[in-house]
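Here is the structure we will look at.
Protein chains: 2
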Amino acid sequence: MDTLATWHQILEQRDPARLGEILAEDCVFLSPVVHTPQEGRELTTFYLTGAMHVFNDSFHYVKEVVSGDHAVLEFVCDMDGIVVNGVDILTFDASGKITEFKVMVRPLKAVNLLHARMKAMLEQLAS
Amino acid sequence: MDTLATWHQILEQRDPARLGEILAEDCVFLSPVVHTPQEGRELTTFYLTGAMHVFNDSFHYVKEVVSGDHAVLEFVCDMDGIVVNGVDILTFDASGKITEFKVMVRPLKAVNLLHARMKAMLEQLAS
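Below is the structure:
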């Protein structure tokens with residue numbers, strides 16, 4: 004399975020409904036803000052859907068470092084004049100599905116902005 | 004040149020004096036906290052020296068994703084009960100020297116703790 008190609012398609016088409024194709028059932032999401040892992044495909048889908056709504060069209064990847072069971076995708080996104088620079092760190096199982104989706108962001112201003120935006124978006128999605 | 008092997012030696016021996024062996028003259032340091040790049044081997048050495056003083060012996064790498072001109076080293080460090088989880092994202096020139104050293108950290112608590120500790124350490128080193 005070409006998980007990364009599918010992931011890029013999902014992002015381009017803003018189609019979170021297809022996340023089930025690439026996330027393992029026991030996938031864990033690790034946010035840039037909170038320490039506690041969010042466990043399971045459902046919660047991971049919830050967070051990634053939120054992120055797809057929060058990031059605008061300026062979001063694009065600038066590096067893709069892949070080796071073995073891991074891929075690191077570095078992105079940049081301009082949010083109201085603040086440059087959000089981050090990485091998606093993916094871990095794959097033997098079948099190529101994503102078992103861990105970890106996000107880190109810099110600089111501090113961007114972490115704080117993303118924190119506020121994601122909180123509002125997740126509350127909206129959950130209501 | 005095996006830059007990564009030298010980097011691991013420098014860290015193990017806490018020997019920032021050897022950073023000149025692996026940093027390109029025009030190396031740029033990008034901090035997890037501040038947007039503005041810190042330009043040049045001297046400033047990069049200053050920041051990495053500060054980091055080596057701030058991180059304790061619990062610092063260790065948990066992933067090494069290397070491909071082409073890039074290496075992503077994921078680390079974990081326990082600082083006073085707060086788990087600092089981060090990545091060093093390195094870019095190499097044709098001779099294998101590091102031209103960009105970028106750091107990102109999660110979660111937010113860890114970014115704030117590192118911010119405070121690095122600020123105090125860099126002021127001490129500069130005085």
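Top to bottom, those sequences are chains H and X.
Residue 4 is where the first sequence starts when you use this note's numbering, and the numbers rise one by one after that.
Residue 4 is where the second sequence starts when you use this note's numbering, and the numbers rise one by one after that.
Cβ atoms here follow ideal geometry from the backbone N, Cα and C, with glycine treated the same way.
When Cβ atoms are compared, which residues of the segment 67-79 of chain H fall closer than 9 Å to chain X?
67, 68, 69, 70, 71, 73, 74, 75, 77
My output table needs one value for residue 49/X: the three-state DSSP class, helix, strand or coil.
Position 46 of the second sequence, counted from the first residue, corresponds to residue 49/X. Residue 49/X falls in the helix class under three-state DSSP.
Just to confirm, are residue 41/X and residue 48/X a CB contact at a threshold of 8 Å?
Your numbering for residue 41/X matches position 38 in the second sequence. Your numbering for residue 48/X matches position 45 in the second sequence. Not closer than 8 Å, so no.
Residue 50/X burial status per 10 Å Cβ neighbour count (16 or more: buried)
Taking the first residue of the second sequence as 1, we reach residue 50/X at position 47. Looking at its Cβ environment, which holds 16 or more other Cβ atoms inside 10 Å, residue 50/X is buried.
Could you check whether the Cβ of residue 21/H sits closer than 8 Å to any Cβ belonging to chain X?
Residue 21/H sits at position 18 when you count from the first residue of the first sequence. Cβ-Cβ to chain X under 8 Å: no for residue 21/H.
In its own chain, which residues sit with a C-beta less than 7 Å from the C-beta of residue 124/H, not counting the 5 before and 5 after it?
Sequence index remark: in the first sequence, residue 124/H carries index 121 (1-based). Taken in chain order, the residues that qualify are 53, 56, 57.
Give the residues from the segment 104-126 of chain H that approach chain X closer than 9 Å (Cβ to any Cβ), ordered along the chain.
105, 106, 107, 108, 109, 110, 111, 112, 113, 114, 115, 118
Three or more C-beta pairs below 8 Å linking the segment 103-111 of chain H and the segment 93-102 of chain X
no
Determine the contact status of residue 109/X and residue 89/X, defining contact as a CB-CB distance below 8 Å.
For the purposes of this step, residue 109/X is taken as the residue at position 106 of the second sequence. For the purposes of this step, residue 89/X is taken as the residue at position 86 of the second sequence. Going by C-beta atoms, residue 109/X is nearer than 8 Å to residue 89/X.
For my contact list, residue 82/X and residue 115/X are in at a C-beta cut-off of 8 Å; report their separation, rounded to the angstrom.
Within the second sequence, numbered from 1, the residue matching residue 82/X stands at position 79. Within the second sequence, numbered from 1, the residue matching residue 115/X stands at position 112. Contact doesn't hold; Cβ gap of about 11 Å is too wide.
Chain H contact residues for residue 89/X, given Cβ-Cβ distances below 8 Å
To locate residue 89/X, count along the second sequence from 1; it is residue 86. The answer, in chain order, is 107.
Euclidean distance between Cα positions of residue 93/X and residue 73/X
Your numbering for residue 93/X matches position 90 in the second sequence. Your numbering for residue 73/X matches position 70 in the second sequence. Near 6 Å, if we compare the C-alpha coordinates of residue 73/X and residue 93/X.
Residues near residue 118/X in its chain [Cβ-Cβ closer than 6 Å; skip 5 each side]:
In the second sequence, residue 118/X corresponds to position 115, counting from 1. 36.
Top-ranked residue by Cα proximity to residue 34/X, from 130/X, 66/X, 122/X, 5/X:
By 1-based counting over the second sequence, the position of residue 34/X is 31. Checked all of 130/X, 66/X, 122/X, 5/X; the closest Cα to residue 34/X is 122/X.
Please confirm if residue 35/H has its CB atom under 8 Å from at least one CB of chain X.
Within the first sequence, numbered from 1, the residue matching residue 35/H stands at position 32. Closer than 8 Å to some Cβ of chain X, the Cβ of residue 35/H qualifies, so yes.
Are residue 27/H and residue 44/H touching if we call contact CB-CB under 8 Å?
On the first sequence, residue 27/H is found 24 positions in, with the first residue counted as 1. On the first sequence, residue 44/H is found 41 positions in, with the first residue counted as 1. Yes, the pair counts as a contact, with Cβ atoms nearer than the cut-off.
When you compare the CB positions of residue 91/X and residue 111/X, do they come within less than 8 Å of one another, or not?
As a working mapping, residue 91/X is identified with position 88 in the second sequence. As a working mapping, residue 111/X is identified with position 108 in the second sequence. Taking 8 Å as the Cβ cut-off, residue 91/X and residue 111/X do not qualify as a contacting pair.
Cβ closer than 9 Å: which chain H residues qualify as neighbours of residue 92/X?
Within the second sequence, the letter at position 89 stands for residue 92/X. Those are 66, 68, 75, 77, 90, listed as they occur along chain H.
Use the C-beta contact count for residue 113/X: other C-beta atoms within 10 angstroms, 16 or more gives buried, fewer gives exposed.
As a working note, residue 113/X is residue 110 in the second sequence. The residue is buried, with at least 16 neighbouring Cβ atoms inside 10 Å.
Please work out which residues of its chain come closer than 8 Å, Cβ to Cβ, to residue 12/H, disregarding the five sequence neighbours upstream and downstream, and give them in chain order.
If you number the first sequence from 1, residue 12/H lands on position 9. Excluding positions up to five away in sequence, the list reads 18, 21.
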